[in-house]
Every structure is written in structure tokens, then in C-alpha cells.
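Number of protein chains: 2
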Amino acid sequence: MSSVKRTSRDIRTANRYEVLRQIIAESPTSRQELAAATGLSLATVATLVGELLDLRLITEVGFEDSAGGRPRGLVAVNTTGGALIGVDIAETYVRVELFDLALNVLARADEDMRPGESRPEQVVGHVAAAVGSVVTQAGVEGARVLGVGVSVPGQVDREGGVSEYAPNWDWHDVPLLDLLAEHIAYPLYLDNPLRACAVAELWFGAARGRGDAVVVNLGTGVGAGLVLGGGLHRGVSNSAGEWGHTTLVLDGRLCHCGNHGCVETYVGAPGIMLHLRELAPQSTLLHPEDQTATIDALARGVADGDPVALKVVRDTARYLGAGIADLVNLLNPEVVVLSSWVAATLGEPLLAEVRQAVARHSLRRPLDAAEIVLSPIPTDPVCLGAATFALEGALSSFSQRPARRAVPARSRTASAS
Amino acid sequence: MSSVKRTSRDIRTANRYEVLRQIIAESPTSRQELAAATGLSLATVATLVGELLDLRLITEVGFEDSAGGRPRGLVAVNTTGGALIGVDIAETYVRVELFDLALNVLARADEDMRPGESRPEQVVGHVAAAVGSVVTQAGVEGARVLGVGVSVPGQVDREGGVSEYAPNWDWHDVPLLDLLAEHIAYPLYLDNPLRACAVAELWFGAARGRGDAVVVNLGTGVGAGLVLGGGLHRGVSNSAGEWGHTTLVLDGRLCHCGNHGCVETYVGAPGIMLHLRELAPQSTLLHPEDQTATIDALARGVADGDPVALKVVRDTARYLGAGIADLVNLLNPEVVVLSSWVAATLGEPLLAEVRQAVARHSLRRPLDAAEIVLSPIPTDPVCLGAATFALEGALSSFSQRPARRAVPARSRTASAS
Ligand SMILES: [Zn+2]
Ligand SMILES: [Zn+2]
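In order, the protein sequences belong to chains A and B.
Quick note on numbering: the first sequence equals residues 1122 to 1538 in our numbering.
Quick note on numbering: the second sequence equals residues 1122 to 1538 in our numbering.
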């Protein structure tokens, strides 16, 4: 039996994503402009626009004159047609954002998690409280929330809604969506930050309209979300992207995965801190228990020309560049995006060093084809990506034939929080 | 502008590949069996079967009884409906095979290339002579040869028919198809051995019916052909798969690409020979100027329990396992296939060591999903894959609407050889 089933239904869903993505990027717009931007035929675009209008995700907003021809109908995102919620469960905090359908942030709630406060019930409590808070803040009726996307670090069974393994909390097989469904009445979608950041870039960032892109996530953990053939590459069991555990130094530093010399042990925030400590144990840049404060201090140090800070960033970029060159050689992407908080904090100086290091390690042909950029997304890409999973869920559950209307991957109707 | 244009035409071509692949694997077969095997609807299968019948690639071969129902029409590959030629240009030889449409080898010609005999005109002369030989041997009329696929090592501009860079011969921007077209009158298709081996596995080997597969090529050079989402992943400039230049040992052995510590410098045939020489300079296993003889001797040594041979293979598997674990973690494939002559020669003992090494280096979830196998293809996978590119070309050039009949990517009509 073939495990490859590409149907016209799959391609219609992919094209529906593509058209909505383009309308969100440029509203108002005409069917003719959409056809030109997506490469789809005008007839296909007209059908897909009709479906999006039926779904009330977009709306007709008048006409524009075309030179000499008939006036063209314009459509735009129906910003008030529904709301989406994105949940970023991180090691030390939970952040929840509520978006309109143009993916503007309407409300935000942050909950700190103290060390030791990492039992699943505790985390679920924080998420439920923050979701309740954003709905109240935004004054959105529950019925208008189309879905809640939840990002949790580590290995995720997306279909089952299970956090299979979260290394920082030592979670194993936690049925996270079942627990959340006891408090949250909206359709729930689970995935991890790697894929959330990748889908955020695909819809709203540097990967939009690109066939092949790699979104390198630099935070406490490290990974690479893959956009291949214009869509998210998940792999056969939804665990693709674990680039952080690529061997960069055979027999190098011990990693929590059990392997030695993983990329993550050199370029994740704890790895960068370790390097700083080894280089200058007494440095005032070092905040031993605080990753965020240390990376902030390094960024300021680089701006001030501090030689230790410069060396730490340059060495980090050297490891990162060797690892990214491997991705460029292997996948031949159009763009490599540096995302997440370590990349955002170290910014342009890190990018400049990384570009040089990648150029030293890559083959010419794939190097010439690959742009390397910082993520252009100004808000939390994990919340944005998680909300996008909810939007994709809403789009996928729509069928032209009402009799065969599909059920969302994970639709819950337990009592509201 | 979007560079992502997935049209119903693309999907129809992909589905046509899928149906023909299945018919080649199991002839005769019914439309009902094809629908079950591919996951496509019976109506879609019926349309695609009709197209393949029109192309004379398949033929009606009678009926089978279905339990109680109407007899079902059977189709089979029209083995004599045309011929395909695959050309494997390697460092030391040119091999050409002529296939029927079931991809059985009907004729083979080998030409040795002496050291120094590597100017493009010399290589082209060998290819032209061997192509002429197989056509004569098989007694095939020129008109029945549907196309010639040509594999050349290194970086290839497929659309332009140019060998951009072949490291072992120091070729730069050689217009190989233009040179070949002066001698060969059939449609020509150019690509490299990585992708030839991958497409051979996709159509006829261990990647058939798998969504995501990695075909690791172990020869003089090393690379990884990628099958993602059920199709060959080429990357934005057709250079994906250069896994041989992944950094495995930061600041390790110098590679011809200019980088240090590349996978290829440890697990390519010259790297294995270097390791043997370092370990036991006087070993009788070593044939200093002959890679093939050395790898053959290592295989015999392992079978005889020679401790040096065992250590060389174990150490090679350790490097290989670390590198393959990176691919498993990053791409989460269903299957990893070890292909090309070094893998075929070292065989099961290498496979067993590689499996252990991959298990030591991979994360559990992607490891559990990934099978690791030797290529099951009994003939030269590069010739087979190259011929498959010609078959794909013939299938892609077919359109349902004669008025818009497409021209093959590289169709030449110069004088016959
Ligand atoms: Zn690791
Ligand atoms: Zn190299």
C-alpha cells in the first residue's frame, strides 16, 4: 500500500492557504492580482475566493477600475469575522495572544512559571487562566474563537494531542490536549515551537512565497523548522526539524539527548553561557542563573566593543555557520531565517558573522541560491505560528460538499473555562 | 511573486508517475487494484490509465473475474512499446544500459576511461560509442528510444544541460548535453548520481510508496538523495543532497571542497582507504591506487574475521552512523537506503554496524520511525535512475490537450550517432 496519497483535495487545501496568505499580506486585492501573485488560474482563484467568502474569513470591499475594462471586485480579510488564539508554553513562562483574522494581536496575557512549577496540571492551569484573560480583554464572544493553537517544547504527537517528551521538564506522554479540553471549549491544535516558528515565517515572514526555506530556531533549545515544496515538512512521525541534535563535533560536549557534540550544546543559550564562563569566568556579562539577562548583556557588550562579548558571538557564529552550511548543502533552500529570542537579541552582529561562516563552509551553487536573514516578524513568532495552526485547522475543516464536512484534527467541546 | 505554483497539472503528472510505478511493480493489474494501492479514486485512476494506454506505455491484457461482479479489465506494461537508455558517467568508466518499458536491461556497454582521459570531448566520445552499441545490440529502431538519461558526478544545471562543477575532473560549466547532442539524436536528460539513485529507489526500490526517504550514496563521493512528500527534493537550484560535505568533525580532515571534517572525507572510498593506511600501513588489504580492489579486500577481510578489516568497517560505520542519525533527526524519514558500490560491497556487516551507530546518536521518536536498509536494486542504480529520468520526461511531455503539447525539458534532433 502506498503511503503517498496526494489528492485534488490536498492540493485544494494548499491552494486555499496560498490565496488566504496572499490576501492577508495585501488587502484589498482583486482576483486578478491574486492569480498573478500565486500562479494559479483565474478560475481556480475565483473558486477559492468564493469558499473564503462563504467561510466569512474574507469580505467584498468594493471595486477598482481596470484600465478600460470592467471594474474589478476587491476582497479583503474580514478582520472581525473570527478570532484565533496562540499559546506559547515555554520553559519559564506561558504567553497567550488573541488575534483577529488579519493576525493582528488584540490581547496578550503572560504567566510566569516559577522553577519547580512544571507539573502538567500546573502548566494547564496557567494556560487556561491566560486564555480566559485574553478572551475577556478582547471582549470576544466565545462563539467567534475559531480555534486555539498550542505550542509546547519537545517531541509532540500532534494527532493524539500528546506531549511525548519535553526534555526540560522530563515530561513523558502527557495528554496535554485532553487536560486542556477540561478548561477550554474551543477546537485545540497541538504542535511545537520549531514548527510554529516555521509556519509563522511561511504565512507572514521571510518564507512567504518561497518553495524551500529553513527556519533556524535559536533559544534555550535549538532546531530547524523546514518549509519544503511550499509547505511545512513534518516527517513521517511529525518529528522533523531536530537539527539541534546534529553532531557538529564528534565526541564533543555531552548533550541532554545522550549524544556528544550536538549543535545545541554550542549555540543554544546554555551553550553560549558555558562558552562565556570558560572564556572569562569572572565576566560581569555572566548572570549564572539567568539566560535572558546573559544574552542581553552579551548584545550590549558587542555594541560597546567588549572583546569578550565579541569573541563569544564570533565563536557562536562559527559553530552556527558550520551547522547552517550543512543545511544549505543538504536542502538547497532559497532562504535561511534566524528566529527566536537568542537570534532576535544578538541581531545584526550575529547575522553578519553567521553569513561569513556559512560562506566558508558551503558549496558555491547552494550558497549562491541561499539568502540568510533575521526573522522579520515583530511579535512572538511562536504565538503567531500557533494561532496559524488554528487558522489552518479552520481552513482544512471546510469542505465544498456540506455532506462530507470534515471534523477538525482536534475539536473539543468540554465545558468552557 | 510566489515561486510556489502547485497546479492541477503538476499533481496530474505526479499521479501519472504513481500509477505507472505501480503497474511496473505489479503487472497485470486492474484499475480497482491500482486505486487501492495508490489511494487515488477509481475515476482518477481510470483517466490516468487511459492516458498511459494512449501513450502506448501500457496495454490491455484481458479480464479477471471479480467475485460475483463484472469481469475487470487488466492492464500491463507494454514492454515493447519503447526503449529507455541510462548513462552512468563515473570517474573511471562509462556504463550505458538500454531498458524496455518494464525497466528490464536489454543491453549493456561499458567503456573504461584511463587516468587523464577526462576531457569533455573524450567522455562524450565514450558515451556516444556506448549508446550506439546498446542500440545495435538490442536491435531497437531509433524511433522507439523514448529518451536518454545521463548521470554525471558533481553539480549539474539540469535545465541548461550543463555540468557546472565535477570535482574529480575539475570540470567547470561544461555544456554536456550540447556536446552529446552532436552525436545522439534522442531526447536527452541530465542529472547527477545522487538524484539518479534516489529516483531509482523511488520508482523501483526501497523508497517506493514511501512519503519520505533518504538514499545515502556511498562511493568515491558521498551524498544523500532526498525523497520528500513522495517526490524527489531538488532544492531551489537543483543542488540538494550534498550531504557528503556536512561537517562531522569540526576542524577535521581537509576536504576537496575546501571545508574541514566533511562526512565524505571519512566514509567515501578514499577516506576509508586513508583510515586503513593510518591503521595498518603494511596491510595486504591495501591497494594504494585502486579503490575498488581495496574495498573488495576489506569485504573479504571482514568475512574472514581479519581484525584490521573489522576495525576499519566498524570505524567507518561509526562516522556514517553519526551522519545518518543527523538525517534521521532532521528529516524524520520512513526509510534510509544505503546505495552505490561501497555499500553494496561491504553489505550486511556494514549495515549491522551502521544500525547500531544510528541508534546511539538518534532521538527516539524519529529513530523508531526509520528503517535502515541496503538498496534492493540488483543492477546499476545510476543507469536505472538515469533511464527513469528519461521515462519521467516522456510522461511529463504528454498533455491531454494536444494543442498545448509540451516539449521535453531537453529535446534534441541533431544527427544520429
Ligand atoms: Zn543532543
Ligand atoms: Zn567537503
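In this text, a Cβ means the ideal position worked out from N, Cα and C, and glycines have one as well.
Please list, in chain order, all residues of the same chain as residue i whose beta carbon is under 6 Å from its beta carbon, the five residues on each side excluded.
i	result
Arg1525 of chain A	Annotation note: pLDDT 27 at Arg1525 of chain A (below 50); position unreliable, coordinate value reported separately. No residues qualify anywhere along the chain.
Arg1137 of chain B	Leu1169, Leu1516
Gly1092 of chain B	Past the boundaries of the shown model lies residue 1092 of chain B; chain B is included only from 1122 to 1538, so the question cannot be answered.
Ile1132 of chain A	none
Leu1315 of chain B	Asn1338, Gly1344, Gly1346, Gly1362
How would you list, in chain order, the residues of chain B whose beta-carbon sits under 8 Å from the beta-carbon of residue i?
i	result
Ser1358 of chain A	Asn1453, Arg1486, Pro1487, Asp1489, Ala1490
Leu1349 of chain A	Leu1349, Gly1350, His1354
Val1434 of chain A	Within 8 Å Cβ-Cβ: nothing; Val1434 of chain A doesn't reach chain B, min ~18 Å.
Val1370 of chain A	Val1370, Leu1371
Glu1285 of chain A	Arg1486
Please go through the same chain and pick out, in chain order, the residues whose beta-carbon is closer than 7 Å to the beta-carbon of residue i, but skip the five residues on each side of it.
i	result
Arg1329 of chain A	Arg1142, Ala1146, Leu1323
Ala1287 of chain B	Val1273, Pro1274, Gly1275
Ser1284 of chain A	Val1273, Gly1275, Val1277, Trp1292, Val1295, Leu1297
His1381 of chain B	Asp1372, Gly1373, Arg1374, Leu1375
Tyr1214 of chain A	Asp1231, Glu1232, Asp1233, Met1234
Arg1279 of chain A	Leu1311, Asp1312, Asn1359
Thr1466 of chain A	Ile1416, Asp1417, Ala1420
Buried or exposed, going by whether 16 or more other CB atoms sit within 10 Å of the CB of residue i?
i	result
Thr1534 of chain A	With a pLDDT of 38 at Thr1534 of chain A, under the threshold of 50, the predicted position of this residue should be treated as unreliable, and no value is reported.
Asp1411 of chain A	exposed
Asp1501 of chain B	buried
Gly1379 of chain A	exposed
Phe1220 of chain A	buried
Phe1184 of chain A	exposed
Ser1496 of chain A	buried
Gly1422 of chain B	buried
Leu1268 of chain B	According to the sequence as given, residue 1268 of chain B is Gly; it is not Leu. Gly1268 of chain B comes out buried.
Gly1190 of chain B	exposed
Thr1367 of chain B	buried
Asp1312 of chain B	buried
Val1528 of chain A	Model confidence at Val1528 of chain A stands at a pLDDT of 39, short of 50, so the residue's coordinates are unreliable and nothing is read from them.
Ala1204 of chain B	buried
Gln1521 of chain A	Because the pLDDT at Gln1521 of chain A is just 37, under 50, the model does not fix this residue reliably, and the point stays unresolved.
Leu1224 of chain B	buried
Ser1483 of chain B	buried
Ala1188 of chain B	exposed
Glu1181 of chain A	exposed
Could you work out which residues of chain A lie near residue i, taking near to mean beta carbons separated by less than 9 Å?
i	result
Trp1364 of chain B	Asp1447, Asn1450, Leu1451
Ala1345 of chain B	Leu1451
For residue i, which residues in the same chain have their Cβ closer than 8 Å to its Cβ, ignoring the five residues on either side in sequence?
i	result
Ala1135 of chain B	Gly1351, Gly1352
Ser1155 of chain B	Correcting the residue type first, residue 1155 of chain B is Leu in the shown sequence and not Ser. So the list reads Val1140, Gln1143, Ile1144, Leu1161, Val1166, Val1170, once near-sequence residues are dropped.
Leu1407 of chain B	Met1394, Leu1397, Arg1398, Ala1401, Thr1415, Ala1418
Is residue i near ligand 1, judged by its Cβ being under 6 Å from some heavy atom?
i	result
His1366 of chain A	yes
Asn1313 of chain A	no
Asn1289 of chain A	no
Asn1552 of chain B	Any answer about residue 1552 of chain B is impossible in this case: the structure gives chain B only from 1122 up to 1538.
Asn1380 of chain A	yes
Cys1545 of chain B	The requested residue 1545 of chain B does not occur in the structure, where chain B is confined to residues 1122 to 1538.
Cys1383 of chain B	no
Hey, is residue i close to ligand 2, as in C-beta under 6 Å from one of its heavy atoms?
i	result
Cys1318 of chain B	no
Asn1338 of chain B	no
Asn1453 of chain B	no
Cys1376 of chain B	yes
Taking Cβ-Cβ distances shorter than 8 Å, what residues in chain A pair up with residue i?
i	result
Val1458 of chain B	Result: empty, since nearest Cβ-Cβ is about 15 Å, beyond 8 Å.
Ala1167 of chain B	None at all; the shortest Cβ gap to chain A is about 15 Å.
Output, in chain order, the set of chain B residues within a Cβ distance shorter than 7 Å of residue i.
i	result
Asp1333 of chain A	Gly1356, Val1357
His1482 of chain A	Thr1368, Asn1380
Ala1204 of chain A	Here the premise fails: no neighbours, minimum Cβ distance about 27 Å.
Ala1443 of chain A	Thr1368, Leu1371
Ala1319 of chain A	The contacting residues do not exist; Ala1319 of chain A stays about 13 Å from chain B at best.
List, in order along the chain, the chain A residues whose C-beta lies closer than 7 Å to that of residue i?
i	result
Ala1361 of chain B	Leu1451, Leu1452, Asn1453
- Item | the stretch 1466–1477 of chain B in contact with the stretch 1431–1439 of chain B per 3-pair CB rule at 8 Å | yes
- Message: What are the residues in the stretch 1250–1281 of chain B lying within 7 Å of chain E by C-beta distance?
- Response: Any reference to chain E falls outside this structure, whose protein chains are A and B.
- Is the number of C-beta pairs between the stretch 1264–1276 of chain B and the stretch 1226–1234 of chain B that are closer than 8 Å three or more? no
- Query: Quick one: any contact between the stretch 1442–1451 of chain B and the stretch 1364–1372 of chain A, if contact means 3 or more CB pairs under 8 Å?
  - Reply: yes
- Query: Is it a yes or a no for the stretch 1384–1403 of chain B touching the stretch 1473–1491 of chain A, going by three-plus beta-carbon pairs under 8 Å?
  - Reply: no
- Taking one C-beta from the stretch 1174–1183 of chain B and one from the stretch 1195–1206 of chain B each time, how about it: are there three or more such pairs within less than 8 Å? yes
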